[in-house]
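Numbering-wise, the sequence shown is residues 7 to 407 according to this note's numbering.
We treat Cβ as the ideally placed atom computed from N, Cα and C, and that holds for glycine.
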Amino acid sequence: MNTFDAAAATAQWLATLSPQETARAVAYTHGSHWLILWSFLVSALVAWIIVRTGLLTAIRSRIERRRRRPVMASFLVAAVYSILSWVLTLPWSIYAGWYRERQYGLTSQAFGGWLGEALIGAAISVVVSALMLVAIYALIRRARRFWWAWGAGVTAAFIVIGLVLSPLVIEPIFNTYTPAPNGPVRDAVVALATQTGTPSDKIFIYDGSKQSDRYTANVSGLFGTARVAMSDTMFKQGADLAEVRGVVGHEMGHYVHVHILWTVAILIVLSALAFWLTDRLYPLVRRLLRADRVGDISDPAGLPILALILAFLGVLGTPVLATMTRTMEADADRFSLVHANEPDGLSKALIKTAEYRAPSPSAIEEFLFYDHPSVENRIRRAMEWKATHPPQPLAEQPTRP
Ligand SMILES: [Zn+2]
């Protein structure tokens with residue numbers, strides 16, 4: 007007869023966090039929720055400033071007056087807008103992306119290193135978003151009524167190309183990825199890979215500690231480029247095999263259940279909806295910003311208006327996206343429990359993520375903001391699994407590394 011008490015074991019795991027650590031995690035997490043609102047207000051302010059300068063209308067008129075070159079006009083306007091809004095948002099980005107992370111001890115990256123990477127990221131995003139906006143504006147001109155549906159198709163194409171290329175060209179710019187080195191960790195991972203049908207040559211370790219002290223792993227890429235990558239932060243205090251198996255089992259769950267493809271499919275639907283709403287809201291927002299010199303939605307000089315509406319919809323969509331990923335994360339946890347059967351290893355890893363994701367939010371907070379189930383819920387499910395699938399005759403006491 008099994009007397010293992012899942013609720014008590016969950017409480018025991020949570021008690022391995024000190025009250026100070028928990029308070030800090032709560033402060034950080036609540037602050038992160040507020041950042042969503044502040045970031046939106048910053049982008050609204052930036053959009054307003056850019057509309058006020060009249061710079062984009064000037065560029066558009068100059069190009070269009072000489073010759074009718076709408077592609078050129080939309081490309082230049084989009085590039086100038088992306089650069090300008092990046093620069094205007096920079097002080098806020100420095101606070102939210104670097105200063106605040108340092109305040110909470112979640113990164114030890116120097117400012118220069120952070121800024122250098124932010125600049126590279128911005129350069130990539132300026133080029134990609136300018137190309138994408140050229141396509142969107144071409145669709146608005148040619149398919150005025152249903153551009154939002156075509157636009158979702160273009161978005162999907164960009165997402166898929168981006169996902170396929172990311173491990174090949176984007177990720178190597180920021181981090182070094184190496185196959186897991188020979189040894190017990192690699193052996194454990196390969197054995198689990200064989201068992202779950204994941205190609206074992208697709209498991210990498212990267213120098214994630216360069217940017218962040220967050221304990222994390224991920225799946226990136228798509229089709230042939232898909233891979234599981236573990237941050238070296240996972241191995242800082244020496245690797246615990248049960249923990250590695252628990253985490254890698256979770257990532258293999260994402261891989262085997264093709265969560266990336268599900269995400270893409272849902273994003274296509276959501277972007278169609280977002281573009282449709284943008285189409286409807288554009289005239290209203292244009293009036294609100296008193297952007298008299300800006301034309302209808304086909305005018306690329308109206309890009310700040312478009313961006314502002316999309317940012318607003320992004321805020322409204324937070325719970326939808328959070329629920330989508332949270333559902334997949336719960337599924338990946340289940341996969342890990344079934345295939346790796348390391349409820350304690352998984353819990354040991356999960357408790358480390360509590361430093362940037364407060365472990366016990368209210369149900370409504372979890373629903374609105376959490377893109378992973380709360381650590382408390384995840385550990386409770388692992389302990390419930392353990393109760394019905396006892397790995398060893400004696401329940402182990404949770405220990406901190
Ligand atoms: Zn995950």
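Three-state secondary structure (DSSP) of residue i
| i | result |
| --- | --- |
| Thr22 | coil |
| Ala15 | helix |
| Ser45 | helix |
| Tyr212 | strand |
| Pro310 | helix |
| Ala223 | strand |
| Pro365 | coil |
| Arg192 | helix |
| Thr113 | coil |
| Pro185 | strand |
| Ser277 | helix |
| Ser135 | helix |
| Ser38 | helix |
Own chain, CB closer than 6 Å to residue i, minus 5 neighbours either side, in chain order
| i | result |
| --- | --- |
| Ser304 | Ile146 and Arg147 |
| Thr405 | Any reading at Thr405 needs caution, since the residue's pLDDT is 48, under 50, leaving its predicted position unreliable; the model's value is listed next. Taken in chain order, the list of residues that qualify is empty. |
| Ala102 | Leu41 |
| Thr394 | none |
| Asp285 | Trp154 |
Closest Cα partner of residue i within the set the options
| i | options | result |
| --- | --- | --- |
| Trp92 | Ser366, Val52 and Thr113 | Val52 |
| Ile272 | Ala162, Phe281, Arg68 and Leu322 | Ala162 |
| Thr202 | His256, Ala136 and Lys216 | His256 |
| Gln109 | Pro25, Ala158, Leu198 and Asp219 | Asp219 |
| Ile130 | Leu112, Ile179 and Val195 | Ile179 |
| Leu327 | Val48, Leu312, Ala136 and Leu374 | Leu374 |
Rounded separation between residue i and residue j - CA only
| i | j | result |
| --- | --- | --- |
| Val270 | Val262 | 16 Å |
| Pro310 | Tyr87 | 8 Å |
| Phe68 | Arg75 | Looking at the sequence provided, one finds Arg at residue 68 rather than Phe. Their backbone Cα atoms lie some 10 Å apart in a straight line. |
| Leu298 | Leu62 | The displayed chain sequence assigns Asp, not Leu, to residue 298. Roughly 13 Å separates the two Cα atoms. |
| Gly127 | Ile165 | 16 Å |
| Phe117 | Val32 | 25 Å |
| Ala85 | Ala364 | 38 Å |
| Ala197 | Thr184 | 19 Å |
Residues near residue i in its chain [Cβ-Cβ closer than 7 Å; skip 5 each side]
| i | result |
| --- | --- |
| Thr16 | Glu382, Ile385, Arg386 and Met389 |
| Gly252 | Ser342, Ala346, Glu348, Gly351, Leu352 and Ala355 |
Rounded Cβ spacing between residue i and residue j (contact assumed at less than 8 Å)
| i | j | result |
| --- | --- | --- |
| Ala23 | Ala360 | For the sequence presented, residue 23 should be read as Leu rather than Ala. With 8 Å as the limit, Leu23 and Ala360 qualify as a contact, their Cβ atoms being about 6 Å apart. |
| Ile55 | Leu94 | 6 Å |
| Ser50 | Leu294 | Per the sequence shown, residue 50 should be read as Ala rather than Ser. Wrong, their Cβ atoms sit about 10 Å apart, outside the cutoff. |
| Asn181 | Gly214 | 7 Å |
8 Å Cβ shell around residue i - same chain, five flanking residues per side excluded
| i | result |
| --- | --- |
| Asp339 | His256, Gly259, Leu352, Pro379, Arg384, Arg387 and Ala388 |
Cutoff 8 Å: residue i Cβ touching any chain D Cβ
| i | result |
| --- | --- |
| Val175 | Note that chain D does not occur in the displayed structure, where there is just one protein chain. |
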